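> Chains as they are written, first to last, in the working numbering: chain A, -11 to 348; chain B, -11 to 348.
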């Protein structure tokens, strides 16, 4: 088997040996006690991570499935998509493709969504759903979630959907306290699982809203997830390997302790920011709105980004990531998601130090 | 780790050690050469199994996602769901939940769909899509696919969607020769992978049809799959572990040889039928329409089915399956899908022989 580079890209990330081992637990049927036990075993831990008493639905699809599902379950009148990068921008497009009326707040890539912008747009009226990417993975911007939620709550009957794809478990996203309606994430980013599963937490209000949408379909239907959850099961055949892996990582998170986990991400992130400053690069995201799980580096020194990434891979078998979409070449991204420690993050930065002189 | 029973249930089935090993291949990013190579590597083999020149889309969802997707991509006027058991019946329900106009041909569970019934219904007019479960997993009925397709083709502009969830690779389903529009299957049945992925083959005509449906969404959009296929990629983050496993099983199938694979399934199926007859049980499916991958046994001897299954599991660590839905208790199911050989199937039947006297 060829040796693939260790991933420091913002998802999928490096997967621990123990996670792979868990993934290979024996095949079980999904309509019986074996699966019910597995399903039930991950709930308390996931609820603790999300700080919620609501169930955490296990969705056999990557996060775009959960994102489309949110629109189909909730948008009756019009959805407002808060757009600040490749992934949040795309959600607007997906809303339209679901046949929904949609409008957006659009800021420049690299900027954050502000409560003021949201308030201004919602004042136009007619919206019943808002979508937000908490941590925009393409730009490394961490949006001010709690403040935005407060602004939205000044308006009535609006469902708040938050994509925490690259923040869940690495920074606090307390579902009940925030009072959002849907929180969703993939598992191949901060959770450090192999891809193929997403998580969805759905408020009671969202559950009630979905029942009013007769064309919401089956596969992502919140009501089906809720009904099956009560039997410790999922509506459709679940990605059992990823759920085994999830159990292993949830146990790991709880044994690490959530506060320590947040602190670890903050520390590896700060270390990476130090590397950026040392070489005279800049952070693409503004101060106060910088992601804790990935660093989007502005290529202000105009290095050959693809060449740099290739050289790091060739010499050290480590993979960082070029910019995404329209900021490809203008930025590059270094992840500190998942299992990285100060030591392993330093190993990456040492490797970057080793290679960068050839590109300056 | 507890020892789980070997699965002889009609999906998920037992997974080979080599498949698990492949699943644990190193994490790779999905927007780069490593994934493109993996994606491209499975196409020729899958196309050979499906006997098609069309691409085989890799859908990160279980088969119900692909089934809902077919409705959302294709049904503009009205869908006809051909219903003959739990799964094909449910497709009608799913069609309605997608907000589509739908009607059905319904036969008794245990009976097959006939071309005559299909022709009669389509004569009413107004349909633009038909769905069929090739092998209805709940009843063990194998529907006469080619004859039904011929009957449908007497009518114009109808998209034919075939669920081959529990038949694909175990019996021939030659996509191009049959001239169907969508063929879909999960991977945890005849393909003997862990669950979490489905396959979709889509005709040129279906691809053209989907472009006319503005609310078809994103996650299952055929046009997105086609566009990404041309770059050896998928629209959303794929279930990479299952795709690694798929590559391993595709290689296995081709090294086994398709004709031999069909013959192996026919032989293990016949062996199981022999066991059924020997004990005076009957086959739930009528002669001429019996599945080659699972045997749905009619409980005409009125044994305690749950007790029997439990005893086989307790004494031999092997798991067969009770009936599904409304025929639970009235039937039980024995799978010969996936990797089973005459020898391993005989091991199961010996175990059943050992336990059955206590229940007769």
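C-beta: ideal position from N, C-alpha, C; glycine also.
This one's a predicted model, so the numbers in the text were calculated from it and none came from an experiment.
Anything in the region 286 to 311 of chain B with a Cβ closer than 8 Å to a Cβ of chain A? List those residues in chain order, please.
If the cut-off is 8 Å between Cβ atoms, the region 286 to 311 of chain B has 307, 309 near chain A.
> Would you verify that the beta carbon of residue 176 of chain B is, or is not, closer than 9 Å to some beta carbon of chain A?
In the second chain, the residue the question calls residue 176 of chain B occupies position 188. Yes, contact with chain A.
> Let me know if residue 329 of chain A comes out buried or exposed under the rule of 16 or more other beta-carbons within 10 Å of its beta-carbon.
The residue labelled residue 329 of chain A in the question sits at position 341 within the first chain. Its Cβ having fewer than 16 others within 10 Å, residue 329 of chain A is exposed.
> By alpha-carbon positions, which one of A/335, A/281, A/334, A/271 ends up nearest to residue 319 of chain A?
Here residue 319 of chain A refers to the residue found at position 331 when the first chain is read from its first residue. Comparing Cα-Cα distances from residue 319 of chain A to each of A/335, A/281, A/334, A/271, the minimum goes to A/271.
> Using a beta-carbon distance cut-off of less than 9 Å, what residues from the region 22 to 40 of chain A approach chain B?
Hits within the stretch, in order: 22.
> Could you please give the first and the last residue of the uninterrupted alpha helix (DSSP H) stretch that includes residue 83 of chain B?
Here residue 83 of chain B refers to the residue found at position 95 when the second chain is read from its first residue. Run containing residue 83 of chain B: 74 to 85, per the alpha helix (DSSP H) assignment.
> Leaving out five residues before and five after residue 30 of chain A in sequence, what residues of the same chain have Cβ atoms less than 8 Å from its Cβ?
Counting from 1 along the first chain, the entry for residue 30 of chain A is found at position 42. These residues qualify, in order along the chain: 44, 46, 231, 234, 235, 238.
> Inspect the CB distances between the region 15 to 31 of chain A and the region 159 to 174 of chain A and report whether three or more fall short of 8 Å.
Verdict: no, contact absent.
> Taking only runs of the alpha helix (DSSP H) that begin and end inside the region 75 to 162 of chain B, which ones reach a length of at least 4 residues, in chain order?
The qualifying runs are 103 to 110, 133 to 140.
> Let me know the secondary structure DSSP gives residue 216 of chain A once reduced to three states.
Position 228 of the first chain, counted from the first residue, corresponds to residue 216 of chain A. Three-state DSSP puts residue 216 of chain A in a helix.
> Using only the alpha-carbon positions, how far apart do residue 77 of chain B and residue 278 of chain B sit?
Here residue 77 of chain B refers to the residue found at position 89 when the second chain is read from its first residue. Here residue 278 of chain B refers to the residue found at position 290 when the second chain is read from its first residue. Between residue 77 of chain B and residue 278 of chain B, the C-alpha separation is close to 19 Å.
> Just tell me which of A/56, A/184, A/298, A/219 has its CA closest to the CA of residue 23 of chain A.
Walking along the first chain from the start, residue 23 of chain A turns up at place 35. Ranking the options by Cα distance to residue 23 of chain A, first place goes to A/219.
> Among B/18, B/305, B/254, B/289, which one has its Cα closest to the Cα of residue 283 of chain B?
Reading the second chain from its first residue, position 295 is the one you call residue 283 of chain B. If we check each option's Cα against that of residue 283 of chain B, B/254 comes out closest.
> Hey, is residue 12 of chain B's beta-carbon within less than 9 Å of any beta-carbon in chain A?
Reading the second chain from its first residue, position 24 is the one you call residue 12 of chain B. It does; some Cβ of chain A falls within 9 Å.
> Do residue 347 of chain A and residue 296 of chain A come within 9 Å of each other at the CB atom, strictly closer than that value?
Taking the first chain and counting its residues from 1, one reaches residue 296 of chain A at position 308. Taking the first chain and counting its residues from 1, one reaches residue 347 of chain A at position 359. A contact, by the Cβ cut-off of 9 Å.
> Which same chain residues, not among the five before or five after residue 343 of chain A, have their C-beta less than 8 Å away from its C-beta?
The residue you call residue 343 of chain A lines up with position 355 of the first chain. Same-chain partners within the cutoff: 296, 299, 300, 303, 304.
> Thinking C-alpha only, which one of B/104, B/98, B/67 is nearest residue 87 of chain B?
By one-based count along the second chain, residue 87 of chain B stands at place 99. Checked all of B/104, B/98, B/67; the closest Cα to residue 87 of chain B is B/67.
> Just how far apart, CA to CA, sit residue 80 of chain B and residue 241 of chain A?
As a first step, residue 80 of chain B must be located in the second chain, where it is residue number 92. As a first step, residue 241 of chain A must be located in the first chain, where it is residue number 253. Going from the Cα of residue 80 of chain B to the Cα of residue 241 of chain A covers about 42 Å.
> So, at 6 Å on beta carbons, what are the nonlocal neighbours of residue 63 of chain A in its own chain, with the 5 sequence-adjacent residues on each side left out?
In the first chain, the residue the question calls residue 63 of chain A occupies position 75. Around residue 63 of chain A: 88, 117.
> Output the distance between the C-alpha atoms of residue 2 of chain A and residue 9 of chain A, rounded to the nearest integer angstrom.
Numbered from its first residue, the first chain carries residue 2 of chain A at position 14. Numbered from its first residue, the first chain carries residue 9 of chain A at position 21. Those two C-alpha atoms are separated by around 14 Å.
> What in chain A is Cβ-close to residue 82 of chain B, meaning under 9 Å?
Reading the second chain from its first residue, position 94 is the one you call residue 82 of chain B. By Cβ distance, chain A contributes 205, 206, 207.
> Tell me which same chain residues have a C-beta within less than 6 Å of the C-beta of residue 36 of chain B, skipping the five on either side of it?
On the second chain, position 48 is the one that residue 36 of chain B refers to. The answer is none, since no qualifying residue turns up.
> What number of angstroms, rounded off, separates the C-alpha of residue 251 of chain B from the C-alpha of residue 340 of chain A?
Mapped onto the second chain, residue 251 of chain B falls at position 263. Mapped onto the first chain, residue 340 of chain A falls at position 352. Roughly 56 Å separates the two Cα atoms.
> At 8 Å on the CB atoms, spell out the chain B contacts of residue 335 of chain A, in chain order.
In the first chain, counting from the first residue as 1, residue 335 of chain A sits at position 347. Neighbours of residue 335 of chain A on chain B: none; closest Cβ ~17 Å, over 8 Å.
> Between the Cα of residue 148 of chain A and those of A/213, A/176, A/326, A/137, spot the shortest distance and give me the residue it belongs to.
Position 160 of the first chain, counted from the start, is the residue given in the question as residue 148 of chain A. Comparing Cα positions, the closest option is A/137.
> Residue 288 of chain B: buried (16+ other C-beta within 10 angstroms of its C-beta) or exposed?
On the second chain, position 300 is the one that residue 288 of chain B refers to. The residue is exposed, with fewer than 16 neighbouring Cβ atoms inside 10 Å.
> Express the C-alpha separation of residue 286 of chain A and residue 317 of chain A in angstroms, rounding to a whole number.
Here the question's residue 317 of chain A lines up with position 329 in the first chain. Here the question's residue 286 of chain A lines up with position 298 in the first chain. Distance between the alpha carbons of residue 317 of chain A and residue 286 of chain A is about 9 Å.
> Between the alpha carbons of residue 107 of chain A and residue 143 of chain B, how many angstroms are there, rounded?
Against the first chain, residue 107 of chain A aligns to sequence position 119. Against the second chain, residue 143 of chain B aligns to sequence position 155. The straight-line gap from Cα to Cα measures roughly 54 Å.
> By DSSP's criteria, residue 190 of chain B is part of a beta bridge. Which residues make up the other side?
Counting from one through the second chain, the residue named residue 190 of chain B turns up at place 202. BP columns for residue 190 of chain B point to B/170.
> Let's see if you can read the secondary structure: which residues bound the beta strand (DSSP E) around residue 283 of chain B?
Taking the second chain and counting its residues from 1, the one referred to as residue 283 of chain B is at position 295. Looking at the DSSP string, the run of the beta strand (DSSP E) that includes residue 283 of chain B is 282 to 286.
> Indicate whether at least one CB of chain A lies closer than 9 Å to the CB of residue 328 of chain B.
As a working note, residue 328 of chain B is residue 340 in the second chain. No - not a single Cβ of chain A is within 9 Å of the one on residue 328 of chain B.
> Are the C-beta atoms of residue 235 of chain A and some chain B residue less than 9 Å apart?
Translated into positions along the first chain, residue 235 of chain A becomes position 247. No, its Cβ sits nowhere closer than 9 Å to a Cβ of chain B.
> On the DSSP letters alone, give me the boundaries of the beta strand (DSSP E) that residue 315 of chain A sits inside.
For this step, residue 315 of chain A is matched to residue 327 along the first chain. No beta strand (DSSP E) holds residue 315 of chain A; DSSP gives it neither H nor E.
> I'd like the span of the alpha helix (DSSP H) that includes residue 45 of chain B, first residue to last.
Position 57 of the second chain, counted from the start, is the residue given in the question as residue 45 of chain B. Counting along the chain, residue 45 of chain B falls outside any alpha helix (DSSP H), though it belongs to the beta strand (DSSP E) covering 45 to 47.
> Using a Cβ-Cβ cut-off of 6 Å (strictly less than) and excluding sequence neighbours within five positions of residue -7 of chain B, which residues of its own chain qualify?
Here the question's residue -7 of chain B lines up with position 5 in the second chain. Contacts found: 301, 305, 306, 307.
> For residue -9 of chain A, count neighbouring Cβ atoms within 10 angstroms of its own Cβ and tell me buried if that reaches 16, exposed if not.
Here the question's residue -9 of chain A lines up with position 3 in the first chain. That one is exposed.
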